[in-house]
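So that you can map any letter, position 119 of the sequence shown is 119 in UniProt numbering, and since no number is skipped, the others follow by simple counting. Glycine included, C-beta positions come from ideal geometry on N, C-alpha and C. Structure first, then comments.
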Amino acid sequence: MSEDERRVEAILQNYELKAPKRYKYSQIKKITQRFNNEIGKGGFGTVFKGKLIDGQEVAVKVLHQSNGKGEDFVNEILSISKTSHINVVMLLGFCFEGCYRALIYEFVPNGTLADFIDKDKSNMEASILWERLHDIAVGIARGLEYLHRGCSAQIVHFDIKPHNILLDKKFRPKIADFGLAKLCSTRKSTLSIQGKGGTPGYIAPELWFDNFGPISSKADVYSYGKIALEMVGGRKIFDSKTDSSSEYCFTYWVYNHLNQCGNLDAYGVTEETEEVAKKMILVGLWCIQKLPAERPSMSEVVEMLKGRIEDLRMPPNPKWF
Ligand SMILES: Nc1ncnc2c1ncn2[C@@H]1O[C@H](COP(=O)(O)OP(=O)(O)OP(=O)(O)O)[C@@H](O)[C@H]1O
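Structure (structure tokens):
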């Protein structure tokens, strides 16, 4: 056994794991029918569709063997095994055997929020579309509120982006991909991370620069704000391949437009759907405030989204990163 394996094994034994069952690699092969149904590839591994003995459909993430260190694997297991929430993807099991590592999740069948944002929605009735967007926004906010405050350990995800939000058959969002997540004591409100995590466009400024204040769950709030704006804009607000200034422009455009009491026709927002769109924009703008202390908590975001539009203010100054 390598030093790294010994370390992972010790952590797994010492940690009180709530639920996930440990599987042998031979069982993983059976569950995935010898890896014959690939769903997709990520930075850390390949995801296959599979079936447990009781017939439950699962997604099995098989980690690349080149991932020498067990850190991401342990992080994902330890973070997610402490959770149980309708808006957080459930970890059902894992495999850690020699160089083989795999994670077994509930299968979430309706693609990612990124797919949904990109999808042509012109044949969807506007009121249905905006109700769905609003419900997705509330669901993600509730999932994050739970991770930040509601489960036994405080969890900061650090990589909230549309690709990591899966949608179930009722379009309920489920937060996935806990590779960068960090557990911290519920009494501690700040934490530190080694290395730079996150994804450009969604990553909070304090994760890059030292002078923005302490690192806390407000980093996820920032990423959430970007997602909320992206959902309203119906497009990526940051696209490194095409236009590095698009994010900046969209955010300012929306801010100025709303400040001057303009309507949002250009974004397919009608009178009927304007309230929902405005709420999501206002929430998004508050969440992407440069200083973490000026951003709302996720509980406040849920209240803002569920409350009356009249009670929402514009952020006082456009000081976004
Ligand atoms: N529980 C699941 N149910 C259904 N599909 C899933 C599930 N988990 C992941 N997938 C799909 O598998 C693909 C790969 O997921 P994975 O989390 O490994 O990578 P990623 O999020 O795309 O990239 P990275 O991990 O590098 O951020 C994605 O397209 C995702 O939609």
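Under three-state DSSP, which class holds residue i?
{"i": "Y25", "result": "helix"}
{"i": "T46", "result": "strand"}
{"i": "Q13", "result": "helix"}
{"i": "I31", "result": "helix"}
{"i": "V89", "result": "coil"}
{"i": "P162", "result": "helix"}
{"i": "P173", "result": "strand"}
{"i": "K182", "result": "strand"}
{"i": "F96", "result": "strand"}
{"i": "L167", "result": "strand"}
{"i": "I309", "result": "helix"}
{"i": "I53", "result": "coil"}
{"i": "I155", "result": "strand"}
{"i": "G150", "result": "helix"}
{"i": "T190", "result": "Summary for T190: the model assigns pLDDT 49, below 50, so the residue's position carries little reliability; its value from the coordinates is reported in the next sentence. Coil, per DSSP."}
{"i": "F212", "result": "helix"}
{"i": "M304", "result": "helix"}
{"i": "S79", "result": "helix"}
{"i": "R6", "result": "helix"}
Kindly indicate the opening and closing residues of the alpha helix (DSSP H) around residue i.
{"i": "F116", "result": "L113 to D118"}
{"i": "Y202", "result": "Note, Y202: premise wrong, no alpha helix (DSSP H); not H, not E."}
{"i": "E38", "result": "Run containing E38: none in the alpha helix (DSSP H); it sits in the beta strand (DSSP E), E38 to K41."}
Taking the C-alpha atoms as reference points, what is the distance between residue i and residue j?
{"i": "K226", "j": "M1", "result": "43 Å"}
{"i": "E9", "j": "R101", "result": "12 Å"}
{"i": "I80", "j": "K182", "result": "10 Å"}
{"i": "K30", "j": "L229", "result": "42 Å"}
{"i": "K278", "j": "Q13", "result": "49 Å"}
{"i": "D135", "j": "D4", "result": "42 Å"}
{"i": "S299", "j": "R142", "result": "7 Å"}
{"i": "T199", "j": "I77", "result": "21 Å"}
{"i": "N256", "j": "I53", "result": "56 Å"}
{"i": "L129", "j": "P20", "result": "36 Å"}
{"i": "Q65", "j": "M231", "result": "36 Å"}
{"i": "R172", "j": "G139", "result": "7 Å"}
{"i": "S84", "j": "S122", "result": "35 Å"}
{"i": "I155", "j": "W208", "result": "20 Å"}
{"i": "D311", "j": "H163", "result": "31 Å"}
{"i": "A126", "j": "Q56", "result": "35 Å"}
{"i": "F44", "j": "G307", "result": "39 Å"}
{"i": "I203", "j": "I165", "result": "16 Å"}
{"i": "Y224", "j": "V276", "result": "16 Å"}
{"i": "S297", "j": "H157", "result": "14 Å"}
{"i": "K290", "j": "G213", "result": "10 Å"}
{"i": "I215", "j": "V283", "result": "21 Å"}
{"i": "E271", "j": "R7", "result": "58 Å"}
{"i": "E274", "j": "K82", "result": "38 Å"}
Since residue i contacts residue j with CB under 8 Å, what's their CB separation in whole angstroms?
{"i": "A176", "j": "V89", "result": "4 Å"}
{"i": "residue 330", "j": "Y222", "result": "This structure cannot speak to residue 330, because the chain is shown only from 1 to 321."}
{"i": "P292", "j": "E206", "result": "6 Å"}
{"i": "L180", "j": "D210", "result": "Not quite, the Cβ-Cβ distance comes to about 19 Å (not below 8 Å), so this is no contact."}
{"i": "F48", "j": "V60", "result": "5 Å"}
{"i": "V254", "j": "E145", "result": "So it is not a contact: roughly 24 Å between Cβ atoms."}
{"i": "residue 339", "j": "F116", "result": "Absent from the model: residue 339. The displayed extent of the chain is 1 to 321, so no value can be given."}
{"i": "I288", "j": "L258", "result": "About 14 Å; that fails the 8 Å criterion."}
Identify the continuous beta strand (DSSP E) that holds residue i and give its terminal residues.
{"i": "A277", "result": "Run containing A277: none in the beta strand (DSSP E); it sits in the alpha helix (DSSP H), E274 to C287."}
{"i": "A102", "result": "Y100 to E106"}
{"i": "A59", "result": "E57 to L63"}
{"i": "I140", "result": "Not the beta strand (DSSP E): I140 falls in the alpha helix (DSSP H), residues A126 to E145."}
{"i": "I227", "result": "Note, I227: premise wrong, no beta strand (DSSP E); alpha helix (DSSP H) at K218 to G233."}
Would residue i pass as an interface residue toward chain B - the criterion being a Cβ-Cβ separation below 8 Å?
{"i": "E38", "result": "In summary, chain B is missing from the structure at hand, where a single protein chain is found."}
Margin query: Count Cβ pairs between the region 23-41 and the region 83-99 that sit closer than 8 Å; are there 3 or more?
Written below: Contact holds: three or more Cβ-Cβ distances are below 8 Å.
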